[in-house]
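A quick write-up on the structure given underneath.
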Amino acid sequence: MKRFINFVWKELLHILRDYRTLLILFGMPVAQVLLFGFAITNEIRDAKIAILDFAKDNTTREISNKILSSGYFMLYENLQTPSDIEPAFRKGKIKEVIIFEPDFGANLERDGKANVQLVADASDPNFANMVIGYTTSIIADYQSELSKGKTLPASINPEIKMLYNPNLKSVFMFVPGLMSVILLLVSAMMTSISITKEKELGTMEVLLVSPLNPFQIIVGKVIPYLLLSLVNTATVLVMSKFVFRVPIVGSLPLLIAESTLFLITALSLGILISTISNNQQTAMMISLGALMLPTIILSGYIFPVENMPLILQWISNIIPARWYIRIVKGIMLKGVSFNYIWMETLILFGMTVFFIAVSIKKFKIRLE
Amino acid sequence: MGENHIISVKDLTKKFGSFTAVDKISFNVLPGEIFGFLGANGAGKTTAMRMLCGLSIPTSGKATVAGFDVYRQTESIKKNIGYMSQKFSLYEDLTVKENIEFYGGVYGLSRERRKEKTEFLIDLLKIEEARNKLIKSLPLGWKQKLAFSIAIIHEPKIVFLDEPTGGVDPITRRQFWDMIYEAADRNVTVFVTTHYMDEAEYCSKVSMMVDGRIAALDKPEKLKEQFGVGTMHEVFVKLARPAA
Amino acid sequence: MDYAVTVNNISKSFDKTKAVESVSFNVEKGELFGFIGPDGAGKTTLFRMLTTLLLPDGGEAFVDGFDIVKDFKKIRGSVGYMPGRFSLYQDLSVEENLKFFARVFGTTIEANYELIKDIYVFLEPFRKRRAGKLSGGMKQKLALCCALIHKPGVLFLDEPTTGVDPVSRNEFWEMLGKLKEGGITILVSTPYMDEASKCDRIALMQKGKILDIGFLNDIISKYEKPVYALRSGDMHKLILDLRAAENTDSVYSFGDYLHYTDRRGKAVEEDIKKILISKGHTDLVFKQINPGIEDCFMSLMNK
Numbered sequence: 012m013k014r015f016i017n018f019v020w021k022e023l024l025h026i027l028r029d030y031r032t033l034l035i036l037f038g039m040p041v042a043q044v045l046l047f048g049f050a051i052t053n054e055i056r057d058a059k060i061a062i063l064d065f066a067k068d069n070t071t072r073e074i075s076n077k078i079l080s081s082g083y084f085m086l087y088e089n090l091q092t093p094s095d096i097e098p099a100f101r102k103g104k105i106k107e108v109i110i111f112e113p114d115f116g117a118n119l120e121r122d123g124k125a126n127v128q129l130v131a132d133a134s135d136p137n138f139a140n141m142v143i144g145y146t147t148s149i150i151a152d153y154q155s156e157l158s159k160g161k162t163l164p165a166s167i168n169p170e171i172k173m174l175y176n177p178n179l180k181s182v183f184m185f186v187p188g189l190m191s192v193i194l195l196l197v198s199a200m201m202t203s204i205s206i207t208k209e210k211e212l213g214t215m216e217v218l219l220v221s222p223l224n225p226f227q228i229i230v231g232k233v234i235p236y237l238l239l240s241l242v243n244t245a246t247v248l249v250m251s252k253f254v255f256r257v258p259i260v261g262s263l264p265l266l267i268a269e270s271t272l273f274l275i276t277a278l279s280l281g282i283l284i285s286t287i288s289n290n291q292q293t294a295m296m297i298s299l300g301a302l303m304l305p306t307i308i309l310s311g312y313i314f315p316v317e318n319m320p321l322i323l324q325w326i327s328n329i330i331p332a333r334w335y336i337r338i339v340k341g342i343m344l345k346g347v348s349f350n351y352i353w354m355e356t357l358i359l360f361g362m363t364v365f366f367i368a369v370s371i372k373k374f375k376i377r378l379e
Numbered sequence: 094m095g096e097n098h099i100i101s102v103k104d105l106t107k108k109f110g111s112f113t114a115v116d117k118i119s120f121n122v123l124p125g126e127i128f129g130f131l132g133a134n135g136a137g138k139t140t141a142m143r144m145l146c147g148l149s150i151p152t153s154g155k156a157t158v159a160g161f162d163v164y165r166q167t168e169s170i171k172k173n174i175g176y177m178s179q180k181f182s183l184y185e186d187l188t189v190k191e192n193i194e195f196y197g198g199v200y201g202l203s204r205e206r207r208k209e210k211t212e213f214l215i216d217l218l219k220i221e222e223a224r225n226k227l228i229k230s231l232p233l234g235w236k237q238k239l240a241f242s243i244a245i246i247h248e249p250k251i252v253f254l255d256e257p258t259g260g261v262d263p264i265t266r267r268q269f270w271d272m273i274y275e276a277a278d279r280n281v282t283v284f285v286t287t288h289y290m291d292e293a294e295y296c297s298k299v300s301m302m303v304d305g306r307i308a309a310l311d312k313p314e315k316l317k318e319q320f321g322v323g324t325m326h327e328v329f330v331k332l333a334r335p336a337a
Numbered sequence: 320m321d322y323a324v325t326v327n328n329i330s331k332s333f334d335k336t337k338a339v340e341s342v343s344f345n346v347e348k349g350e351l352f353g354f355i356g357p358d359g360a361g362k363t364t365l366f367r368m369l370t371t372l373l374l375p376d377g378g379e380a381f382v383d384g385f386d387i388v389k390d391f392k393k394i395r396g397s398v399g400y401m402p403g404r405f406s407l408y409q410d411l412s413v414e415e416n417l418k419f420f421a422r423v424f425g426t427t428i429e430a431n432y433e434l435i436k437d438i439y440v441f442l443e444p445f446r447k448r449r450a451g452k453l454s455g456g457m458k459q460k461l462a463l464c465c466a467l468i469h470k471p472g473v474l475f476l477d478e479p480t481t482g483v484d485p486v487s488r489n490e491f492w493e494m495l496g497k498l499k500e501g502g503i504t505i506l507v508s509t510p511y512m513d514e515a516s517k518c519d520r521i522a523l524m525q526k527g528k529i530l531d532i533g534f535l536n537d538i539i540s541k542y543e544k545p546v547y548a549l550r551s552g553d554m555h556k557l558i559l560d561l562r563a564a565e566n567t568d569s570v571y572s573f574g575d576y577l578h579y580t581d582r583r584g585k586a587v588e589e590d591i592k593k594i595l596i597s598k599g600h601t602d603l604v605f606k607q608i609n610p611g612i613e614d615c616f617m618s619l620m621n622k
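Residue numbers (this note's numbering), protein chains in the order written: chain A, 12 to 379; chain B, 94 to 337; chain C, 320 to 622.
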């Protein structure tokens with residue numbers, strides 16, 4: 012065990028001494044989140060909306076005023092009938108229509124419950140999601156003000172409808188996708204490079220002719236990068252939550268546990284790469300070419316898997332990131348519990364076991 | 094200082110930060126001389142050689158190589174010298190013929206001239222059967238001899254050899270020196286570093302670098318006389334010991 | 320007799336190249352044994368097989384009593400190995416490198432300080448310096464310390480002096496001499512012929528084979544022909560003229576002299592002198608000398 016800790020310590024020293032790589036490793040997640048975040052988001056300001064008010068009572072007027080005075084929205088027109096909604100969107104000026112049910116205020120007073128429908132133009136899904144998000148939170152705000160000092164809490168139930176892109180496929184997808192790419196890059200590429208570096212330097216020879224066994228060498232290489240990648244995961248999560256307000260709806264511990272599993276998948280891939288490459292250059296090429304590109308293109312990170320040709324959809328099944336993205340999406344955006352993602356988890360787990368088995372089998376205890 | 098010095102160095106200095114790698118060295122080399130450039134590891138040989146090859150700009154001092162200034166005319170220097178080292182020599186994954194033709198091209202030889210040179214070298218080194226073999230499949234001795242021939246393919250005035258015979262077997266080592274002599278006979282100036290002290294005896298003049306300075310510079314027999322010893326090895330030990 | 324290393328007919332090929340061909344030898348305990356030969360002689364391959372890094376194609380070998388194939392784990396725990404390139408972590412300091420290798424073998428610097436003391440004193444002033452910033456001689460010393468830190472029974476040093484200047488080489492051999500006194504068996508390879516005299520016994524290697532093996536003096540005494548050392552005013556011309564002479568067996572330059580052997584055996588001195596004077600050589604020096612290891616090596620190469 013002492014030997015092992017000694018080895019891990021040495022690895023940490025290597026990482027800490029290489030300032031440039033360190034800067035890239037920690038700077039990259041930040042840069043990528045900012046890049047993707049700003050490329051996709053637009054600050055909401057004076058977004059044009061339409062209101063279809065069937066109730067026209069005090070409550071709906073108050074809510075409308077609150078929404079319009081927030082600075083985020085601007086009233087484009089008042090609609091009279093549901094048949095006006097479609098043409099209003101078609102004109103392309105408005106982003107959202109708010110529809111209050113008839114007797115909204117009365118229902119709220121009598122039953123403590125009322126329905127409002129939010130319809131958004133989801134052809135720009137990210138923007139639509141934000142518009143809805145802002146509106147919902149303003150309504151929720153109003154609702155809690157209203158509930159103050161009342162025995163029966165008022166409940167306004169916003170019913171959300173996305174037009175044109177009902178499943179909201181790429182909204183916030185950049186966060187799960189980015190996490191998978193960063194974890195893969197740091198874990199797989201850095202471990203494979205650090206193992207091949209020892210081969211190149213000749214120190215691998217000395218390590219082999221020592222009581223260290225291959226398992227200790229491999230795991231010793233992996234642990235520092237595991238720690239590093241966990242830090243990166245946290246960075247991405249914190250930044251996406253606080254800078255871009257991407258919600259984490261589900262359980263954080265579950266998310267971290269699943270991310271750790273994916274990390275181990277990536278690390279075992281890195282080891283696998285190192286067993287088949289003899290120098291850092293090859294390791295780098297394989298990591299980038301055989302790992303990064305398919306991950307970016309086929310995992311659903313940039314292009315939705317559902318839109319791909321069948322053959323590519325089929326290939327995407329063997330890409331670990333695809334399953335991880337589904338898991339993260341489920342937990343972060345939908346708030347699902349483990350029951351809904353056990354299959355993806357099992358697939359990742361299986362892949363990991365496979366990679367580790369192959370790399371231990373392939374790890375050379377001698378030179379070629 | 095005669096005009097006919099092919100290499101002329103005066104107070105040449107190179108500093109890296111506060112560390113002085115080469116400290117005011119001065120010497121002259123005549124055309125056709127075999128100039129042995131010896132010294133312990135880290136004494137500054139490589140740094141000095143780089144400056145003379147136009148790869149590194151000196152901090153201060155003067156030097157001309159083949160009549161060109163090491164500060165301003167590095168490109169002209171590169172055209173007029175050949176360079177070979179133990180580490181850098183030939184492309185392992187190209188054949189003998191391809192290597193010769195490539196380097197011929199680098200030094201601007203015409204197509205016919207390259208063909209002619211290729212035939213000449215293959216004939217000279219008696220490596221007809223290896224013509225289309227990859228360099229990496231050749232014995233080290235062949236590689237080094239070929240590398241030397243290629244280093245002088247453009248008939249430079251000076252050739253710089255950095256430990257050309259390291260690890261080579263004793264017979265090939267001597268054949269290599271035969272080639273050096275032949276080049277010197279054709280009035281090519283040879284500037285050579287080595288860790289084999291018997292090879293120091295083959296030089297027409299030897300300089301010994303210790304801690305960035307030239308501690309001794311003369312003909313081998315004069316140096317032995319000066320230090321009262323019988324071999325260049327002993328001269329080296331006497332000079333370098335205090336530095337080690 | 321209990322040997323530290325026993326090798327029987329060991330062979331190894333890479334593709335078509337026979338790197339090591341039926342090599343056999345024994346090394347006694349506490350011996351300083353040298354493998355001398357140029358690059359490509361098979362020294363590194365041989366060492367890698369003995370340190371269990373390569374599997375032999377044929378033959379068998381034992382190190383410290385352990386089979387290099389079956390007991391490779393035991394050998395890995397007990398031998399010291401310094402590969403040809405100084406295998407140090409360039410970004411770690413002198414002390415960190417040493418500490419790391421000590422712990423890899425489950426020991427500490429303090430526990431075996433006595434063994435490395437004489438070498439480590441040179442490094443002490445640079446304790447905090449990164450290994451990558453050390454001079455060649457210093458790297459070599461540090462690599463030796465790292466290979467010694469677990470007090471190995473057998474030490475394998477693959478070309479430790481290659482590319483190192485003569486003074487540092489001398490120092491290095493002095494250190495090996497001291498280690499030998501401490502009882503460690505040392506196998507060392509080198510391309511420098513003059514280092515043969517520093518070893519107890521030597522094996523001359525060329526193209527995967529052992530040309531000769533034994534004590535230096537025994538190898539030299541097998542050299543039958545008289546060797547003459549010659550010099551004249553024009554050394555280069557001297558070589559050419561002697562090569563052209565009809566009874567010449569070999570002419571090689573050796574520093575400021577040429578070494579000459581004749582096909583006819585004895586009493587050729589006057590004859591050769593006559594030829595050379597007729598060719599216009601002046602200041603002729605001509606003497607019979609004892610052959611050196613390099614004479615032997617070259618004559619064995621030509622056999």
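Backbone N, C-alpha and C define an ideal beta-carbon position, used for all residues, glycine too.
Given the structure is predicted, the values throughout are model-derived calculations rather than measurements.
- CA-CA distance, C:Lys-458 to C:Asp-568, rounds to 43 Å.
- By the C-beta density criterion, C:Gln-607 is exposed, having fewer than 16 other C-beta atoms within 10 angstroms.
- For B:Ile-174, the secondary structure class from DSSP, reduced to helix, strand or coil, is strand.
- Between the alpha carbons of A:Met-250 and A:Lys-340 lies a distance of about 16 Å.
- Excluding five sequence positions before and after C:Leu-411, the CB atoms of its chain that fall closer than 8 Å to its own CB belong to Phe-419, Arg-449, Ala-450, given in chain order.
- B:Lys-190 and B:Ala-223 have their alpha carbons spaced roughly 9 Å apart.
- Interface flag for A:Glu-216 against chain C is set, since a Cβ pair is found closer than 8 Å.
- Against chain A, a Cβ distance below 7 Å from C:Thr-325 picks out nothing, because the smallest value is about 19 Å.
- At a cut-off of 8 Å, the C-beta of C:Phe-605 has no neighbouring C-beta in chain B.
- Of the residues assessed, C:Asn-621 falls on the exposed side of the cut-off, its CB having fewer than 16 other CB atoms within 10 angstroms.
- Annotation: B:Thr-211 is outside any beta strand (DSSP E); the continuous alpha helix (DSSP H) that includes it extends over 204-217.
- When 7 Å is used as the limit between beta carbons, B:Ala-223 is near no residue of chain C, the shortest such separation being about 15 Å.
- Against chain B, the CB of C:Met-494 has no partner CB under 8 Å away; the residue lies outside that interface.
- Those residues of the region 511-529 of chain C placed with their C-beta closer than 9 Å to a C-beta in chain B are Tyr-511, Met-512, Asp-513, Gln-525, Lys-526, ordered along the chain.
- Using a Cβ-Cβ cut-off of 8 Å, A:Leu-280 does not count as an interface residue toward chain C, since no Cβ of chain C sits closer than that to its own.
- The C-beta distance from B:Tyr-176 to B:Cys-146 rounds to 6 Å, short enough to meet the 8 Å contact threshold.
- Here DSSP, grouped into helix, strand and coil, assigns B:Arg-306 to strand.
- Going by DSSP, A:Ser-240 is part of the alpha helix (DSSP H) stretching over 225-253.
- Contact annotation, C:Gly-377 with C:Ser-330: C-beta distance approximately 4 Å; criterion of less than 8 Å satisfied.
- Contact check for A:Leu-24 and C:Glu-414: beta-carbon distance about 12 Å, past the 8 Å limit, so the pair fails to qualify.
- Contact note: C:Glu-415 reaches chain A through Leu-24, using a C-beta cutoff of 7 Å and chain order.
- The region 357-367 of chain C makes contact with the region 517-527 of chain C; the number of CB pairs closer than 8 Å reaches 3 or more.
- In the structure shown, C:Val-388 falls within a coil segment according to DSSP collapsed to helix, strand and coil.
- Nearest CB-CB separation between B:Thr-324 and chain C: below the 8 Å threshold.
- By the neighbour-count criterion, in which 16 or more other beta carbons inside 10 Å mark a residue as buried, B:Ile-170 falls on the buried side.
- Against chain B, the CB of C:His-578 has no partner CB under 8 Å away; the residue lies outside that interface.
- Closest in alpha carbon position to C:Gly-611, among C:Tyr-511, C:Gly-425, C:Val-587, C:Val-473, is C:Tyr-511.
- Between B:Phe-329 and A:Leu-238, the alpha-carbon positions lie close to 53 Å from each other.
- What A:Lys-13 touches in chain C, judged by beta-carbon distance under 8 Å, is Arg-422, Gly-425, going in chain order.
- In this structure, the CA atom of B:Leu-218 is about 8 Å from the CA atom of B:Trp-235.
- Closest in C-alpha terms to C:Asn-609, from the list C:Ser-540, C:Arg-583, C:Leu-595, comes C:Ser-540.
- Between B:Val-115 and the set B:Gly-135, B:Ile-246, B:Leu-123, B:Ile-99, the nearest pair of CA atoms involves B:Gly-135.
- Shown here, C:Tyr-322 sits in a strand according to DSSP, grouped into three states.
- Here A:Met-215 has Glu-209 as same chain residues with Cβ atoms under 6 Å from its own Cβ, once five neighbours each way along the sequence are excluded.
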